[in-house]
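Asker: Numbering (mature numbering (1 follows the signal peptide of the UniProt record, and there is no 0)), first residue to last: -20 to -1, 1 to 1214.
Structure (structure tokens):
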């Protein structure tokens, strides 16, 4: 990120005087002097003889100094002493333009230009820093060095070497050197009074003036080979001042001024042949126009060794700028009740007022920053969630999104940016929690922490926190292990920050009212920073400085080395509630989690030596592959919905209904605000409603086949219940005052009953005859619907005010009365009994029951409760600290049985019992209805959409929410091409996976073929009836007397199928021997020809057949007797070379079944040849094994391998197929559908 220190509007005005020749086209000198009477700065060209040559330009009312030149940009860079600005003087088209300037916020003692990269460097004695900016954008300043700098003086840049030199004129005068980024810093000269500084770039020597004795010192760029010599000015006084020092044409030029005179000195680089010249005006500076630099690529952008590119937003426009790798530049963010503010760090550390901007106006408190990934994470009181704040890539506006819904306000938050994990602590919780950057897979990382002020060191993979109750600082590895205490009996720590670069913790000791620094790696004794504060609420590190919030509105900067506060303080307009530094750091990401999440399925948590894979709440570790899984059970369990998490949990119970210490999360995706839940024990589907998505969905207990089964705009399904026997799902549509019946087999719906005003709760009785519904419209009531007869009646309950959820139990109807904060029991006679009364402020959400217990969820306590009906004992049921906003609840007992219901006559609706062994048919008038045009929904592809495969894990044709994924299962002998997973995003599948045969298929269903050149399997598609097969065995090896034994290798057989009705075989040719050619392989159509023999010369191998096809492009290729063969190398051979046929099948098709030639022995026999026709109807959708024989080995040259070709849909005779136009067929793309 960049800091916009000052934005200035420069009016470009041409200076009236037109200059002469362009001074930047050739090497030379530019002299800048100041004319006191006219208060004007003038530029002239200058030569080695110290003579003015030509006038360039003049600037009225300007007092420029510190001239440097950028020839590539045809510009000069100067410092304006009066305005305290750095200015660019641009020359273009024969004109000099008005200066373009930017504030420096302080004095500039030295200035130099990197004329290769277009950078200007300067020294700032007010801030004791070395600064840098691009000449093309002087308003963006970067701090290169700002530690242990004491009154910096002049500066010199060596672009070719990538080095920076500057003088320190403080208590210990010296010359220092670093890279252009400020790294690899070291002192090369100590002592003397180094003042002005310059470089001989060609000779790699450094020159400086010692101000105390007017001597010139010199050394090489490493500080070696020092050579001083004096410079004396005749008649000079104590007021003599050196104004410029440059090296030009192997001479040292020095400009000076005294009380009444000024001049220049030219001297050899060794101090020899000195020339003096006196002038009437005061030299301000002298600069060199060098030859155009020719360093390949360095002038175009940043150089990787010293800087990097990143985005900067200026006036809403995205630009690319250069920032130092080790820049201490950044922002300080802080929050007040008005929102999140950003403050520039560099102005804050000077005597100038910092620039403060409100970037996000919302009620947030604690936050943390990740400048590497350009994110801010904060707790929002409005959404009661941890939110992610980012800056838009184009507009520069700040945006946010809810990331992690939390159970209580967050009091501290930190990030491990290397592993991309978020850590936080909630009020009233003993735990430190963790989740990834997407807010997924949260879990408790550290227990019994009672933490505040979380601080993370990603490089050393440690987390620290303040235990305010004990006044201690504690720490652990980022995987939650390796716990340490950092505490002292005489100290009580009350605030904490971290210096990752120096691996120090800075703490405020409440007892001594001082800051304490501790090295957490070496654990050396604490270092006291002698600066007292009455109180400290927040702290943040800026290199060697710590920003301290020591009252409700004030920020103070303290040097941790000296303990001295800087003069600058910032007073906010409102109470500061939190503060963090946003600091761009170039530390290399060394986390073991950076690549592929460390191989972890969910959470990758690093420690100092390696990493540990962890799973989030409700997931269980699979130790074999660092994976995480859910184990949904089909025995007794509770289903609990968390509306805000959002999540659905299954909490298991034993056979007696007692909860066991095991719960798992239902792996549903796309949840927004799930509300009610029910279970289909027969089909093992979990159903739930989502009041934000206006839908009802289901997922199988295997974690697969999630889909939306019903949805309508603005439908608030506040409760659902299911009759397993009738296969009906009843939906309470609160917004339309109706109850909907959904057939879970056909997914057709009907409005089931008369209107129920503001229907809120549903429950079926044990007989599945009566459906009870609560509603709290104008006349709150409890409605009973007789499913058998369709009649509807209202219970006489005049005392109802706000009826809530209900459950029908063997002991009565249990109903929540929300206004009275009571659960009442209505017995079979209609009598009402108080069952449970709740204190004021308790909000009961859902209620359910098993044989022995009543369960309910409470919103305010975020707990699930159970009350035993026999003992009246009340207790919580697990999930403590997990639930955020519990709503839906269901108890399921495996012992229940469900009677099948069937109609005697055909029913195109739903059969329901009607008593006395009768059934009735409820028509389902409406087809499947999912009317959600604004939802992110995708339709799962059908099996026909997946060529050569089918959809896994989702039901084809179903509707699924955004974020859903499906994989494909390819047919046997087929493989996925590319990704095997489709992902739903913004109503579309980002990719639909596809399968292809392992062996390429050509043609169409009506006529096509495939070729096997190695053993594999042939998949018989469902539409296949008859195939024709060509089988060729491998050719025999050719003999070579000098390198083989008795014989060459035999070719292997080829075969189609393994069962009697399919099998077709072709034998391999035999290898040649030292006495004869090899025999041909046996085939069903014909055997291959035998190899030939020659004792003294070459012999030709046998072929698959004894004749050669006459077509120009044949299916088989003859032996290639080209360059490199025996026949081309032996002029004495009496065998005529045959012309090689053109074969276009593939790269391995050459010489199928041909025996290899030989030298001084027998050649190999040809492979056998078979060509049957096979009826394969009985083998559809199965695999037929294909065996392809290899050519004989060892062999003089390579023997031809076997082949199996399968052909279908052709009515021609096989003889025609054998001589078909293979070139045309090979060029066709596959177009086969299973």
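The C-beta atom is built at its ideal place from N, Cα and C for all residues, glycine as well.
Go ahead and label residue 699 buried or exposed: buried means 16 or more other beta carbons lie within 10 angstroms of its beta carbon, across all protein chains shown.
Answerer: On the chain shown, residue 699 is found 719 positions in, with the first residue counted as 1. Buried, because 16 or more other Cβ atoms sit within 10 Å of the Cβ of residue 699.
Asker: DSSP has residue 955 in a bridge; who is on the other side?
Answerer: Position 975 of the chain shown, counted from the start, is the residue given in the question as residue 955. DSSP lists 976 as partners of residue 955.
Asker: Excluding sequence positions up to five away, which residues of its chain have a Cβ less than 8 Å from the Cβ of residue 968?
Answerer: In the chain shown, the residue the question calls residue 968 occupies position 988. 918.
Asker: Taking the alpha-carbon of residue 79 as reference, which of 795, 358, 58, 932 has the nearest alpha-carbon?
Answerer: Position 99 of the chain shown holds residue 79. Comparing Cα-Cα distances from residue 79 to each of 795, 358, 58, 932, the minimum goes to 58.
Asker: Using the C-alpha atoms, what's the distance from residue 802 back to residue 557?
Answerer: Indexing the chain shown from 1 puts residue 557 at position 577. Indexing the chain shown from 1 puts residue 802 at position 822. Rounded to whole angstroms, residue 557 to residue 802 spans 41 Å at the Cα level.
Asker: Does the segment 405 to 415 come close enough to the segment 490 to 506 to have 3 or more Cβ pairs within less than 8 Å?
Answerer: Touching, no.
Asker: Does any residue of chain D have a CB that is nearer than 9 Å to the CB of residue 409?
Answerer: The displayed structure is made up of one protein chain only, and chain D is not part of it.
Asker: At a cut-off of 8 Å, is residue 711 close to the ligand COA when judged by its beta-carbon and the heavy atoms of the ligand?
Answerer: Within the structure as shown, the ligand COA is missing, as the structure has no ligands at all.
Asker: Which of the three DSSP states, helix, strand or coil, is assigned to residue 997?
Answerer: Taking the chain shown and counting its residues from 1, the one referred to as residue 997 is at position 1017. DSSP places residue 997 in strand when its eight states are reduced to three.
Asker: Short of 8 Å in beta carbon distance, which residues of its chain neighbour residue 166, apart from the five on each side in sequence? Order them along the chain.
Answerer: Reading the chain shown from its first residue, position 186 is the one you call residue 166. Closer than 8 Å at the Cβ level, and outside the excluded window around residue 166, lie 156, 157, 158.
Asker: Do you know offhand how far residue 507's Cα is from residue 588's?
Answerer: By 1-based counting over the chain shown, the position of residue 507 is 527. By 1-based counting over the chain shown, the position of residue 588 is 608. Going from the Cα of residue 507 to the Cα of residue 588 covers about 25 Å.
Asker: Which first and last residues belong to the beta strand (DSSP E) in which residue 183 is found?
Answerer: Position 203 of the chain shown, counted from the first residue, corresponds to residue 183. Segment: none, residue 183 is in no beta strand (DSSP E) and carries neither H nor E.
Asker: Taking 8 Å as the cut-off, does the segment 1181 to 1190 touch the segment 980 to 991 (at least 3 CB pairs, one atom from each stretch)?
Answerer: Yes, the segment 980 to 991 is in contact with the segment 1181 to 1190.
Asker: Would you tell me roughly how many angstroms separate the C-alpha atoms of residue 548 and residue 139, rounded to the nearest one?
Answerer: Reading the chain shown from its first residue, position 568 is the one you call residue 548. Reading the chain shown from its first residue, position 159 is the one you call residue 139. A caution first: residue 548 carries a pLDDT of 49, below 50, which makes its placement in the model too unreliable to give a value.
Asker: Please classify residue 198: is it buried, with 16 or more other beta-carbons within 10 angstroms of its beta-carbon, or exposed?
Answerer: Translated into positions along the chain shown, residue 198 becomes position 218. By the neighbour-count rule (16 or more Cβ atoms within 10 Å), residue 198 is buried.
Asker: Given a cut-off of 9 Å on the beta-carbon distance, is the pair residue 957 and residue 1163 in contact?
Answerer: Numbered from 1 along the chain shown, position 977 holds the residue referred to as residue 957. Numbered from 1 along the chain shown, position 1183 holds the residue referred to as residue 1163. For residue 957 and residue 1163, no; Cβs fall outside 9 Å.
Asker: Hey, how far is the Cα of residue 142 from the Cα of residue 160?
Answerer: Walking along the chain shown from the start, residue 142 turns up at place 162. Walking along the chain shown from the start, residue 160 turns up at place 180. Answer to the nearest angstrom: the Cα atoms are 6 Å apart.
Asker: My assumption, with CB atoms under 8 Å, is that residue 81 sits in contact with residue 104. Please give the rounded CB distance.
Answerer: Counted from its first residue, the chain shown places residue 81 at position 101. Counted from its first residue, the chain shown places residue 104 at position 124. In fact, because the Cβ distance is near 16 Å, the residues do not count as touching under 8 Å.
Asker: Three-state secondary structure (DSSP) at residue 789?
Answerer: By 1-based counting over the chain shown, the position of residue 789 is 809. It is a strand residue.
Asker: Return the Cβ separation of residue 872 and residue 659 in integer angstroms, given the expectation that the two are a contact with Cβ distance under 8 Å.
Answerer: As a working mapping, residue 872 is identified with position 892 in the chain shown. As a working mapping, residue 659 is identified with position 679 in the chain shown. Going by Cβ atoms, the distance from residue 872 to residue 659 rounds to 5 Å, so yes, they are a contact pair.
Asker: So, using beta-carbon positions, are residue 378 and residue 340 closer together than 9 Å?
Answerer: The sequence position of residue 378 within the chain shown is 398, counting from 1. The sequence position of residue 340 within the chain shown is 360, counting from 1. Yes.
Asker: Can you round the beta-carbon distance between residue 43 and residue 21 to whole angstroms, since I take them to be within the 8 Å contact cut?
Answerer: Your numbering for residue 43 matches position 63 in the chain shown. Your numbering for residue 21 matches position 41 in the chain shown. Yes, residue 43 and residue 21 are in contact; Cβ-Cβ is about 6 Å, under 8 Å.
Asker: CB-CB under 8 Å to residue 350, same chain, minus the five flanking residues each way: which ones, in chain order?
Answerer: The residue you call residue 350 lines up with position 370 of the chain shown. Once the five neighbours on either side are set aside, the close Cβ partners of residue 350 are 356, 357, 395, 397.
Asker: Quick check: the segment 418 to 433 against the segment 441 to 451, are at least 3 beta-carbon pairs closer than 8 Å?
Answerer: With a cut-off of 8 Å, the segment 418 to 433 and the segment 441 to 451 count as touching, because enough Cβ pairs lie within range.
Asker: Would you call the segment 849 to 860 and the segment 799 to 814 in contact, with 3 or more CB pairs under 8 Å?
Answerer: Touching, no, given that fewer than three Cβ pairs across the two stretches are closer than 8 Å.
Asker: Tell me whether residue 923 sits in a helix, a strand or coil according to DSSP, three-state version.
Answerer: By 1-based counting over the chain shown, the position of residue 923 is 943. Here residue 923 sits in helix by DSSP.
Asker: Along the chain, where does the beta strand (DSSP E) that runs through residue 914 open and close?
Answerer: On the chain shown, residue 914 is found 934 positions in, with the first residue counted as 1. Note, residue 914: premise wrong, no beta strand (DSSP E); not H, not E.
Asker: Since residue 975 contacts residue 929 with CB under 8 Å, what's their CB separation in whole angstroms?
Answerer: Taking the chain shown and counting its residues from 1, one reaches residue 975 at position 995. Taking the chain shown and counting its residues from 1, one reaches residue 929 at position 949. Between residue 929 and residue 975 the Cβ distance is about 4 Å, and since that is below 8 Å, they are a contact.
Asker: DSSP has residue 835 in a bridge; who is on the other side?
Answerer: Reading the chain shown from its first residue, position 855 is the one you call residue 835. DSSP lists 828, 846 as partners of residue 835.
Asker: What are the start and end residues of the beta strand (DSSP E) that includes residue 68?
Answerer: Locating residue 68 in the chain shown gives position 88, where the first residue counts as 1. That run of the beta strand (DSSP E) goes 65 to 72.
Asker: Any idea which residues DSSP pairs residue 573 with across the strands?
Answerer: For the purposes of this step, residue 573 is identified with residue 593 of the chain shown, where counting begins at 1. None, per the DSSP bridge assignment.
Asker: What residues are listed by DSSP as bridge partners for residue 1142?
Answerer: The count along the chain shown starts at 1 and reaches residue 1142 at position 1162. Answer is 1073, bridged to residue 1142.
Asker: Is there contact between the segment 616 to 627 and the segment 646 to 666, where contact requires at least three CB pairs shorter than 8 Å?
Answerer: Segments in contact, yes.
Asker: In the DSSP assignment, find the beta strand (DSSP E) that holds residue 1226 and state where it starts and stops.
Answerer: An answer regarding residue 1226 cannot be provided, because it is not within the stretch -20 to 1214 covered by the chain.
Asker: So, with DSSP's three-state summary, where would you put residue 1158?
Answerer: Taking the chain shown and counting its residues from 1, the one referred to as residue 1158 is at position 1178. If DSSP states are grouped into helix, strand and coil, residue 1158 belongs with the helices.
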